[in-house]
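Take a look at the structure set out below.
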Amino acid sequence: MGRTRAALTGLACAFVALATPAAAFTAIDPLTRQPLYSPEDALRAQAAPVAREVVSFDGRYTPGTIVVSTSERRLWFVLGNGQAIQYGVGVGRPGFTWSGSHSVTMKREWPDWRPPAEMLKRRPDLPRYMKGGPDNPLGARALYIGSTIYRIHGSNEPETIGEAVSSGCIRMTNEDVTDLYNRAKVGAKVVVLR
Numbered sequence: 160m161g162r163t164r165a166a167l168t169g170l171a172c173a174f175v176a177l178a179t180p181a182a183a184f185t186a187i188d189p190l191t192r193q194p195l196y197s198p199e200d201a202l203r204a205q206a207a208p209v210a211r212e213v214v215s216f217d218g219r220y221t222p223g224t225i226v227v228s229t230s231e232r233r234l235w236f237v238l239g240n241g242q243a244i245q246y247g248v249g250v251g252r253p254g255f256t257w258s259g260s261h262s263v264t265m266k267r268e269w270p271d272w273r274p275p276a277e278m279l280k281r282r283p284d285l286p287r288y289m290k291g292g293p294d295n296p297l298g299a300r301a302l303y304i305g306s307t308i309y310r311i312h313g314s315n316e317p318e319t320i321g322e323a324v325s326s327g328c329i330r331m332t333n334e335d336v337t338d339l340y341n342r343a344k345v346g347a348k349v350v351v352l353r
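Going by this note's numbering, the first residue of the sequence shown is number 160, and it counts up by one from there.
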C-alpha cells in the first residue's frame, strides 16, 4: 500500500508539473519586467542546445574580450585567469561566414531592425523597418560590431542556436544575449574566427 501511494503521489506531481502553464517558466526581461517569450514559446525557448557555463579558456585575450568560433558555433566571454563563459551561437550560413577583429561600438535593448541594403537586395519581401520587441529578429539585445553590418543579437528562433542559418550575424538565445549584454562593455574587443 505504501509503494502504491508513493507511486500515485509521484504521478500526481508529474501531472501538476505538466499542467503548469508555460507562463510560469517564462524568463522575464530584467529591465522592462516583460516576458522574453510568449507563453507558447516559453518552454521551447528555454532549451538552448549548448548550456551557458564557465569553462577553461587558454586564449591570449584580455578579460572582457568576446571570442566567436563560427566553426565550433561557440562564443566565449573572457573572464581571465584561464576562464571564460561559453555560450552556444548560431552563425552565418555558407557564403555568409566572415572573420576579423573589431569592437563593440553600440549596445541596444529590444533593438529596432532595419535590414541592410545587401539583405534587401536578396530578399525584397522583407520589411524595411521592424520595431523592437519579442517578434523582432534581433531579439532582446544587440551588440553592434565595429563598422560591419553584423551584430551579436538575440533570436526569436532559439532552435537555430548551434546552426549556420544567419546572414552573418551571431545569434544567441534571448537569455544568453541578455547575460552577455550585461557583461560586455562598449569598446570591448570582438574576435571572430572561422
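C-beta: ideal position from N, C-alpha, C; glycine also.
Do you know offhand how far residue 248's Cα is from residue 330's? Your numbering for residue 248 matches position 89 in the sequence shown. Your numbering for residue 330 matches position 171 in the sequence shown. So the two alpha carbons sit approximately 5 Å from each other.
Determine the extent of the beta strand (DSSP E) in which residue 268 is found, giving its start and end residues. Numbered from its first residue, the sequence shown carries residue 268 at position 109. Start and end: 259 to 268.
Rounded to a whole number of angstroms, what is the C-alpha to C-alpha distance between residue 327 and residue 245? Within the sequence shown, numbered from 1, the residue matching residue 327 stands at position 168. Within the sequence shown, numbered from 1, the residue matching residue 245 stands at position 86. C-alpha separation (whole angstroms): 20 Å.
Based on Cα-Cα distance, which residue from 229, 306, 237 lies nearest to residue 222? If you number the sequence shown from 1, residue 222 lands on position 63. It is 237.
Report the start-end ranges of each alpha helix (DSSP H) in the stretch 323 to 348 that is 4 residues or longer and not cut off at the edges. 333 to 342
Check whether the stretch 315 to 325 and the stretch 275 to 287 are in contact - that is, three or more C-beta pairs closer than 8 Å. no
Residue 303 to residue 340 span [Cα, whole Å]: In the sequence shown, the residue the question calls residue 303 occupies position 144. In the sequence shown, the residue the question calls residue 340 occupies position 181. So the two alpha carbons sit approximately 11 Å from each other.
Which residues does DSSP list as the beta-bridge partners of residue 300? Here residue 300 is taken as the residue at index 141 of the sequence shown, counted from 1. Paired residue(s): 268.
Should residue 209 and residue 243 be called a contact, given that it needs their Cβ atoms to be closer than 9 Å? Within the sequence shown, the letter at position 50 stands for residue 209. Within the sequence shown, the letter at position 84 stands for residue 243. No, Cβ-Cβ distance for residue 209 and residue 243 is not below 9 Å.
Exposed or buried, which one is residue 240 when buried takes at least 16 other CB atoms within 10 Å? For the purposes of this step, residue 240 is identified with residue 81 of the sequence shown, where counting begins at 1. Looking at its Cβ environment, which holds fewer than 16 other Cβ atoms inside 10 Å, residue 240 is exposed.
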